[in-house]
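If you use UniProt numbering, the sequence shown corresponds to residues 1 to 233, in order. Virtual Cβ for every residue (Gly too), placed ideally from N, Cα, C. Given the structure is predicted, the values throughout are model-derived calculations rather than measurements. All remarks here apply to the structure that follows.
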Amino acid sequence: MNFSIPPAPRNAVLFDLDGTIIRSHDGIIESIHAVLRDLGHEPDLSIDLTWVVGPPLRDLLGHILAHYGDDRVDEAMDLYRRHYEGGGMRKSPLFDGMRHVIETLHAGGTQLFIATSKPRYLARKILHLRGLSEYFDGLSGARADDSGAEKPELIAALLREHDVARNHALMIGDRRFDITGAHANHVRALGVLWGYGGRDELIAAGADALVSQPDELLQAIATQFELMAKHAA
1 MNFSIPPAPR NAVLFDLDGT IIRSHDGIIE SIHAVLRDLG HEPDLSIDLT WVVGPPLRDL
61 LGHILAHYGD DRVDEAMDLY RRHYEGGGMR KSPLFDGMRH VIETLHAGGT QLFIATSKPR
121 YLARKILHLR GLSEYFDGLS GARADDSGAE KPELIAALLR EHDVARNHAL MIGDRRFDIT
181 GAHANHVRAL GVLWGYGGRD ELIAAGADAL VSQPDELLQA IATQFELMAK HAA
């Protein structure tokens, strides 16, 4: 009788997009300010909106509108899409060093995925705009109406649809949503400090390790996979 040995699972890295791969802050804030003006409000520039990069769009717009005594969330979402797709998304350069990280991991045989709260079609456009589409094996994002944007579900979908073993997967992101979403799926998570969450937020979320700069990321990833291999032995 012939027996076949199944191939060993490949390591997989799941990346957040905004604040991890792309510097999206300016395009998002500019689009939000345009929405507020369209709705008849003068944006309060004293409010720190750094936090808006990461949460689901409906939640963040609802929170911002409440400051102006406005509850027109559906209208705001439509306006935001128009402004962001019309120009905001083009103001999303790569963080220095991230192209090298992605190209190196891909060349080494690591599976690469995107898990983002952005709508899938927008994330694909941004990857194409930055010349990164060819490096990723899959993408999980919100639906076109921005529903389904919760990180635990997005990560679970990637693991399931691409048959990724949890003990061979690593999530990388800049916000607590990335860390808690990974841990909800029993996946280890690295928190990156060049994004928009910050050290305290990532530590409180339980990040397995923190990375200060993109040029430290490849070594940090290698260390995490070594730890997984030791635990599996």
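Could you round the C-beta distance between residue i and residue j to whole angstroms and report it? I think they count as a contact, below 8 Å.
i, j, result
"S31", "Y80", "6 Å"
"D146", "L218", "Between L218 and D146 the Cβ distance is about 33 Å, and since that is not below 8 Å, they are no contact."
Starting from the C-beta of residue i, find all residues in its chain whose C-beta is less than 6 Å away, skip the five residues before and the five after it, and write them out in chain order.
i, result
"F225", "N11"
"E201", "R176"
"N167", "M228 and A232"
"K230", "none"
"H186", "R166"
Out of curiosity, what's the CA-to-CA distance linking residue i and residue j?
i, j, result
"A220", "G206", "16 Å"
"L94", "I102", "11 Å"
"A142", "L105", "25 Å"
"N2", "P9", "Residue confidence for N2 is low, a pLDDT of 48 falling below 50, so the modelled location carries little weight and cannot support an answer."
"S46", "L60", "17 Å"
"G148", "E216", "32 Å"
"V53", "G195", "9 Å"
"L139", "E161", "10 Å"
"R82", "M228", "43 Å"
"R199", "I179", "12 Å"
"L17", "A115", "7 Å"
"G108", "T223", "15 Å"
"L154", "A184", "11 Å"
"P152", "A144", "18 Å"
"F136", "A123", "12 Å"
"R171", "D78", "First, the amino acid is wrong: residue 171 is Met here, not Arg. Approximately 30 Å between the Cα atoms of the pair."
"D163", "V13", "13 Å"
"D74", "A232", "47 Å"
"I21", "V211", "13 Å"
"I5", "L65", "Any reading at I5 is ruled out, since the residue's pLDDT is 48, under 50, leaving its predicted position unreliable."
"V34", "H41", "Here the sequence assigns Ala to residue 34, which means Val is not the residue at that position. So the two alpha carbons sit approximately 9 Å from each other."
"L159", "A182", "11 Å"
"D70", "T50", "21 Å"
"L112", "P43", "38 Å"
"L190", "S92", "22 Å"
"H128", "T110", "20 Å"
Could you say which of the options lies nearest to residue i if we only look at CA atoms?
i, options, result
"G86", "A156, A115 and I126", "I126"
"F15", "D146, A229, D145 and V192", "V192"
"V100", "P55, G131 and D146", "At residue 100 the sequence reads His, which differs from the Val that was named. That would be G131, whose Cα lies nearest to the Cα of H100."
"G19", "L112, D174, A182 and P214", "D174"
"R23", "K230, M89, D38 and A66", "M89"
"S117", "D96, L129 and A157", "A157"
"Q213", "D38, D96 and R120", "D96"
"D48", "R188, I28, E134 and S133", "I28"
"D38", "A76, H63, I203 and G62", "A76"
"R120", "E150, M98 and H63", "E150"
"Y84", "H25, H186, A204 and S133", "H25"
Give me, in chain order, the residues of the same chain whose beta-carbon lies closer than 7 Å to that of residue i; leave out the 5 immediate sequence neighbours on both sides.
i, result
"A165", "P9"
"M98", "I21 and P214"
Can you list the alpha helix (DSSP H) stretches of 4 or more residues lying completely in the stretch 105-172, in chain order? As for any alpha helix (DSSP H) of minimum length 4 sitting wholly inside the stretch 105-172, the runs are 120-129 and 151-161, ordered along the chain.
Which full runs of the alpha helix (DSSP H) of 4+ residues lie inside the stretch 172-211, going along the chain? 176-184 and 199-205
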